[in-house]
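In my numbering, the protein residues as written are 33 to 180.
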């Protein structure tokens, strides 16, 4: 049944009934519409997310994606700003990144938002944290892409 739900929603997205940037009806509304359990609706929606037709946005719901549709959280904006400067070597390997406080002021973001952005860059192995010293751009060995 969940594949049929995915098919019907995909058809409605492609027909323009649900336009790019539009939020889909809630899971509860879709359950009522299709007469199925929430897990069935979720499995259908997961198919559409895997296909790149939808993205889940916290406190908003599932948003229809289209060409040029960009849904970014503030932490992603901060991470992208830092990533771009690392790529351009404004922050070279070994350089200390701006402090959490400086990033909070620059982006008018909460501590948790800044920490999430930095954590993302740590996970991508672009940045490393040294307790009591701050976060630094990692050195990379271009031959193996491994940390040196």
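Idealized CB from N, CA, C, for every residue including glycine.
Inset, instruction - Write down every uninterrupted run of the alpha helix (DSSP H) in the region 94-128 whose length is 4 residues or greater and which is fully enclosed by it, in chain order. - result: 106-119
Inset, instruction - Pull up the CB-CB distance for residue 96 and residue 86, whole angstroms please, since I reckon it's below 8 angstroms. - result: Sequence index remark: in the chain shown, residue 96 carries index 64 (1-based). Sequence index remark: in the chain shown, residue 86 carries index 54 (1-based). Indeed they touch by this definition, with Cβ atoms about 6 angstroms apart.
Inset, instruction - Return the Cβ separation of residue 166 and residue 129 in integer angstroms, given the expectation that the two are a contact with Cβ distance under 8 angstroms. - result: Along the chain shown, one-based indexing puts residue 166 at 134. Along the chain shown, one-based indexing puts residue 129 at 97. With 8 angstroms as the limit, residue 166 and residue 129 qualify as a contact, their Cβ atoms being about 7 angstroms apart.
Legend entry - Option nearest residue 133 by Cα separation, candidates 126, 125, 124, 146: Looking up residue 133 in the chain shown gives position 101. The residue with the shortest Cα to Cα distance from residue 133 is 146.
Inset, instruction - Please confirm whether residue 56 and residue 84 have their CB atoms less than 8 angstroms apart. - result: Counting from one through the chain shown, the residue named residue 56 turns up at place 24. Counting from one through the chain shown, the residue named residue 84 turns up at place 52. Contact: no.
Legend entry - For residue 161, the three-state DSSP class (helix, strand or coil): Mapped onto the chain shown, residue 161 falls at position 129. Strand at residue 161.
Inset, instruction - Could you please give the first and the last residue of the uninterrupted beta strand (DSSP E) stretch that includes residue 168? - result: Residue 168 sits at position 136 when you count from the first residue of the chain shown. It spans 166-169 - the beta strand (DSSP E) in which residue 168 sits, taken as one unbroken run.
Inset, instruction - Taking only the alpha-carbon atoms, compute the straight-line gap between residue 140 and residue 149 and give it to the nearest angstrom. - result: In the chain shown, counting from the first residue as 1, residue 140 sits at position 108. In the chain shown, counting from the first residue as 1, residue 149 sits at position 117. Roughly 13 angstroms separates the two Cα atoms.
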